[in-house]
Each structure stands twice: as structure tokens, then as C-alpha cells.
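First up is the structure itself, then whatever we jot down about it.
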Amino acid sequence: MLLQSSLASPAIGTVFWTTLIFFILLFLLWKFAWGPIMNAVKAREDMIHNALDSAEKAREEMKVLQADNEIILRKAREERDKILRDARAAYDRMMADAKEKSQSESDALVRRAKELIEREKVSAIAEVKREVAKLAIEVASKVVGETLKSDAEQQKLIERYINEIEANRN
Amino acid sequence: MKNRYLYFLILVFALLAASMQDVSAVISEDEVKSEKTEKEFDAAPFIMEHVADSHEWHILTKKDGTDVAVYLPVIIYDRESGFHLFSSRKIAHGHSYKNFTVAHEGKYAGKIVKVDEHGQHDGSKPPLDFSITKAIFGMIVASVILLWLMLALARSYRKTGISAPKGLQGVLEPVILFIRDDVAIPNIGEHKYGKFMPYLLTVFFFILINNLLGLVPIFPFGANVTGNVNVTFVLALLTFLITQFSANKNHWRHVFAAPGVPFWLLPIMIPIEIIGLFSKPFALMIRLFANITAGHIIVLSLVTLIFIFKSVLVAPVSIFFVLFMDCIELLVAFLQAYVFTLLSALFIGMATAEPEHH
Numbered sequence: 016m017l018l019q020s021s022l023a024s025p026a027i028g029t030v031f032w033t034t035l036i037f038f039i040l041l042f043l044l045w046k047f048a049w050g051p052i053m054n055a056v057k058a059r060e061d062m063i064h065n066a067l068d069s070a071e072k073a074r075e076e077m078k079v080l081q082a083d084n085e086i087i088l089r090k091a092r093e094e095r096d097k098i099l100r101d102a103r104a105a106y107d108r109m110m111a112d113a114k115e116k117s118q119s120e121s122d123a124l125v126r127r128a129k130e131l132i133e134r135e136k137v138s139a140i141a142e143v144k145r146e147v148a149k150l151a152i153e154v155a156s157k158v159v160g161e162t163l164k165s166d167a168e169q170q171k172l173i174e175r176y177i178n179e180i181e182a183n184r185n
Numbered sequence: 006m007k008n009r010y011l012y013f014l015i016l017v018f019a020l021l022a023a024s025m026q027d028v029s030a031v032i033s034e035d036e037v038k039s040e041k042t043e044k045e046f047d048a049a050p051f052i053m054e055h056v057a058d059s060h061e062w063h064i065l066t067k068k069d070g071t072d073v074a075v076y077l078p079v080i081i082y083d084r085e086s087g088f089h090l091f092s093s094r095k096i097a098h099g100h101s102y103k104n105f106t107v108a109h110e111g112k113y114a115g116k117i118v119k120v121d122e123h124g125q126h127d128g129s130k131p132p133l134d135f136s137i138t139k140a141i142f143g144m145i146v147a148s149v150i151l152l153w154l155m156l157a158l159a160r161s162y163r164k165t166g167i168s169a170p171k172g173l174q175g176v177l178e179p180v181i182l183f184i185r186d187d188v189a190i191p192n193i194g195e196h197k198y199g200k201f202m203p204y205l206l207t208v209f210f211f212i213l214i215n216n217l218l219g220l221v222p223i224f225p226f227g228a229n230v231t232g233n234v235n236v237t238f239v240l241a242l243l244t245f246l247i248t249q250f251s252a253n254k255n256h257w258r259h260v261f262a263a264p265g266v267p268f269w270l271l272p273i274m275i276p277i278e279i280i281g282l283f284s285k286p287f288a289l290m291i292r293l294f295a296n297i298t299a300g301h302i303i304v305l306s307l308v309t310l311i312f313i314f315k316s317v318l319v320a321p322v323s324i325f326f327v328l329f330m331d332c333i334e335l336l337v338a339f340l341q342a343y344v345f346t347l348l349s350a351l352f353i354g355m356a357t358a359e360p361e362h363h
């Protein structure tokens, strides 16, 4: 029964039509379906591939950028510290300078004042001595009168007395 | 989620309808027969009628004995009278037209033969039959559906440009990518697979859609296309031709002077290698034909159990088993399309392989 039926027997018509239909199908699908479909799928795969690649690259760049930022930040902090340190040093120096200068000025002032005072004192003493000598001569001449002849002898005598007085005072 | 249940329901109904249609056809046939002669129900002719190719598409036989059928065009070439084109209605039920009729017995059973005035086969060779038979018609329907599907897919890519796959793309793209990444590239190689892709894709989807539509029992589907040995012959022949014409020097050296084989073995090896060239596509042809035909025969056999046992009580059992078989057939439909494509790719890959450097 199986062999009698057309189940497994060759049929030229079926072969012919199958070939024809399959080739038409192959041609149409090749031209209008497989080409565009495979291209579209390929394009999308490429795009996904590229997108993943560029995302990876962006991440790398981000990492580098972050590292850079860190460095810049650290540098900035160091700079700030340095500026602060410098400022403090300058302040200290200026303060020290100012102090020193004012000290020396005041010292000089005091010194000059002392010198002045010394000089005034010496001249004052000399003045006093002269005044005292004059006064003593006037007093002595009034007291002694005309007993002494020459002024020169008188002067010599007075100086000797004064010296004696000074020696006694000491 | 909801859609998935819907598809499942549609599948179940389709499978139920499959069994139901066969049942109704058998019932009427059986009644007609039992009215005429009280002979036992013979399952074999019934099954063969459904599995084999024919010039008309029988849908059902009404209770009054008239047939509901789609009569397909008959195109024959006779060596004496040339081409003839007429409807198969004219030669149905044993009628003859222009001295042609369908032989029901003898050497040319099921084929169109020439008859004499008395309606007797004159014994001459049958004319060449280029009719649009059931298988051809089913194949055309399947091809149109496939073409429509794939053109719609190509159009959707043109329309949406590069975007995430959705809709039709989501369904068909993984299958296309599977053929490319798991069938073509591993077997043929990264550099050469491109020019074989159109053939592999076409043959895969052609077999698949014909397998699937062969499971749908409602006109215009359900023709046994991939279970027709002539159809599988053409497909296997194409694989064979592509394999041989794309074969490189290395391939032929392996056939005629296999490296490492002593020369006195060559007289044995060469015929074996040549037989091997033909046996590979021959196996392709038989595998697809036998798998699909066997599946159809099992389903039909389960249905005829009802009439062999002459009991409606067998029907639920039959329907259950038919349902089960149809699920397996669904798997087989994919599997055989895959196997045919895979082996085609393998043969092409073997023929185009570069020599290995040892």
C-alpha cells in the first residue's frame, strides 16, 4: 500500500514546482528581506558595540579627570598653606623689625638726652664755679679791702683756697 | 502575559479542531461505506489519502455522499497531444476528461494516466504531470505567508531604523540570529558564512513554515509539503549542489587522495568517499520526509482508532493522544528545520574548510 501510493514515488511536477517556488522565494527574500534585515541587525550590533566602547572610554577619562582634580585640589591646598605660612612669616618679620627699630630709636633718643644732660651739667658746674669765684672775690675784696696789691696774686690765692675747700669737702 | 495564555488557547483550539475535522471526515466516509457495504474500516487507505499528494483538496464528504473539495488545476504534458490545462473536478471520482483520468490501482495508482474509449488504462506511460497539486498549493500558500512575514520584518527595520527590537522583530530576530551565530558561523566560519546565509535562512524558514502549516488542519493549510519526498529531494539537491560548487581544492583532495591513506587503499577509499558525497544529502532528504510523514501518520492513526474500535468512548483517549502528538510535532517542526539547516551548514563548512596545518 505504501509503495503503491504516491507517497514515496518520484513526481517530476512536484520537483519542478518546488524548485521554481523555492528559487523565487530565495531570490525575493535575498533581495528584499535577508539583505536589509542582516544589515539592520549588523548596524545595530555595531552601534551597541561602539556605544559600549565609548562608555568604557568615557569611564576611563572620568577616572583620569578625577585623578587630575585630586592633584589640582591638593596643589591648591598646598599653595594656600604656603601663602598663609608666608604671610605669617612676613607679619612676624615686620613686627620684629618694627620692634627693633623703635627700640633703637628710643635708645638713641635716651642716649642723646643723657649726653645733653651731661653737657649741660658740666657747663652748669663750670658756670657755678665761676660765679662762686667771682662772688668770693667780691666778698673777699670787700672784706679784706685794699690789702691785696695785685689782682694776680689775689686770683692765685683764691684758687688755692677753693681747692682746699674742695679737698676738705671730699 | 495575557497574550501568552491567548496563544496557548489558540493552539489548543487549533489542535482540537485538527482532530475534530479528521473525525468528521472519517465519520461521513465511514457512514457512506457502511451504507453501501458492511465491510471493516480500513485505516491504511484513509491515512494514505491524507498524507499523500493529490490533485484535489478534499475537505469533507457530506452525509449524502457528495464531496466538499477544492479542485486544483491539472497541468499535464502528453507526448502526443501536448499541454493540457483543466480543473481536477473533471477527472475526480473516476471520471475521465480528454482521455485522462486518475488511476486508482496498478502501477500508476494516484497518477494521471491516459485511457481508451472504454475508460480503461491503455498501458502507455503516464503523461508528465505538472499539476498544482495539494503539496504545491500548500507550498505556495506557505511561501506567500513567509514572504509577507519577512518583507514586513524588513520594512519594520527600514521604518524604525536602529532601535531596540520589538513586535515582529522581537519574534523573528532571535531565530535569524540563532541561524547566523549558532548554525552558520560555527560550521562555515567567520569569513565565509556571509554568502551562504540567504540560502540557510531561506531553507530554514521554508521548512519551518511548511512543517508548522502542515500541522494546521484547516484549508488552505495542512498539506503534507515537507513530508513529500519530492520536495525534500529538491531541498537536499540544492544543499548538495551548493556544497559541491563551493567546495575548494582541499575538499576534492580529501575525496580523491585522502592525505595519510596508503595508495593501495585508494581504490577502496575513493568509491566510499564518492558514495559519501551523495549519501549525505540523501540522508537529509529521507530524514525530513520520514519525520514529517511519520508524525502525520501517527496523528491520523490515533484518530482512526475511534473507527477501528467503533466506539465514541475511544474519542477522548484519541483526542488526548493526538493533542500530545501535535505538541511533539510542534517540536519536531522546529527540530527538523534546524537539523536540515545545521547539516547543510556543516556540509558546506566541510567542503569549504581550509586545510589544517599540522
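Heads up: the protein sequence lines correspond to chains R and L, in order.
First residue of the first sequence: 16, per the numbering used here; consecutive thereafter.
First residue of the second sequence: 6, per the numbering used here; consecutive thereafter.
For each residue, glycine too, the CB sits at the ideal point set by N, CA and C.
Taking each of Tyr76(L), Ile353(L) and Leu173(L) in turn and checking the Cα distance to Tyr204(L), the smallest one comes out for Ile353(L). In this structure, DSSP gives Leu154(L) a helical state, which the three-state scheme calls helix. Taking the Cβ atoms as the reference, Thr309(L) lies roughly 6 Å from Phe51(L), within the contact range of under 8 Å. Taking CB atoms only, Leu35(R) has no neighbour in chain L less than 7 Å away. Counting only runs of 3 or more residues that sit fully inside the stretch 16-89 of chain R, no beta strand (DSSP E) segment turns up. For Ala58(R) and Ile167(L), the gap between their C-alpha atoms comes out near 7 Å.
The beta carbon of Leu99(R) sits closer than 6 Å to no other beta carbon from its chain once the five residues preceding and following it are set aside.
By the Cβ neighbour-count rule, Thr71(L) is exposed, with fewer than 16 other Cβ atoms within 10 Å of its own. Only Leu133, Asp134, Phe135, Ser136, Ile137, Thr138, Ala140, Ile141, Met144, Ile145 and Ser148 from the stretch 118-149 of chain L bring a Cβ to less than 8 Å from some Cβ of chain R.
Straight-line spacing of the CA atoms in Lys119(L) and Val107(L) works out to 9 Å. Put simply, the CB of Ala66(R) is far from chain L, with every gap to its CB atoms at 7 Å or more. At a cut-off of 7 Å between beta carbons, Ile98(R) makes no contact with chain L. In the structure shown, the three-state DSSP call for Thr298(L) is helix.
Linking Arg94(L) to Tyr76(L) through their CA atoms gives a straight-line distance of about 5 Å.
Between the beta-carbon of Phe135(L) and that of Tyr82(L) there is about 6 Å, and that keeps the pair under the 8 Å contact cut.
Judged by their CB atoms, Ala48(R) and Leu156(L) are nearer to each other than the 7 Å cut-off. From the beta-carbon of Leu293(L), no residue of chain R is found nearer than 8 Å; the closest lies around 13 Å away. Annotation: the continuous alpha helix (DSSP H) that includes Pro50(L) extends over Ala48 to Val56. Closer than 7 Å at the C-beta level to chain L, one finds these residues of the stretch 53-79 of chain R: Met53, Ala55, Val56, Ala58, Arg59 and Met62. Taking 9 Å as the Cβ-Cβ cut-off, the stretch 195-217 of chain L approaches chain R at Gly199, Met202, Pro203, Tyr204, Leu206, Thr207, Val208, Phe210 and Phe211, given in chain order.
Under the 8 Å Cβ criterion, the stretch 335-343 of chain L does not count as touching the stretch 304-319 of chain L, having fewer than three qualifying pairs.
Per DSSP, reduced to three states, the secondary structure at Pro203(L) is helical.
Interface criterion met: the Cβ of Ala48(R) is under 7 Å from a Cβ in chain L. Look at Leu88(R): its C-beta is not under 7 Å from any C-beta on chain L. Residues of chain R whose Cβ lies closer than 9 Å to the Cβ of Ile181(L) are, in chain order, Trp49, Ile52, Met53 and Val56. Inter-segment contact for the stretch 253-269 of chain L and the stretch 311-324 of chain L is absent: fewer than three beta-carbon pairs are separated by less than 8 Å. At a cut-off of 7 Å between C-beta atoms, Ala82(R) does not count as an interface residue with respect to chain L.
Thr346(L) and Pro267(L) have their C-alpha atoms roughly 35 Å apart. Going by DSSP, Ser59(L) is part of no alpha helix (DSSP H) at all; its letter is neither H nor E.
For Ala91(R), the closest Cβ of chain L is not nearer than 7 Å. Among the bridge pairs identified by DSSP, Pro131(L) is matched with none. Within 8 Å of the CB of Ile167(L), the CB atoms of chain R belong to Ala55, Ala58, Arg59 and Met62, in sequence order along the chain. With the rule of 3 Cβ pairs closer than 8 Å, the stretch 79-90 of chain R does not count as touching the stretch 183-190 of chain L. For chain R, none of the residues of the stretch 312-339 of chain L brings a beta carbon within less than 8 Å of one of its beta carbons.
In this structure, Phe201(L) sits away from Ile212(L), with a CB-CB distance that is not shorter than 7 Å. CA-CA distance, Pro132(L) to Phe183(L), rounds to 45 Å.
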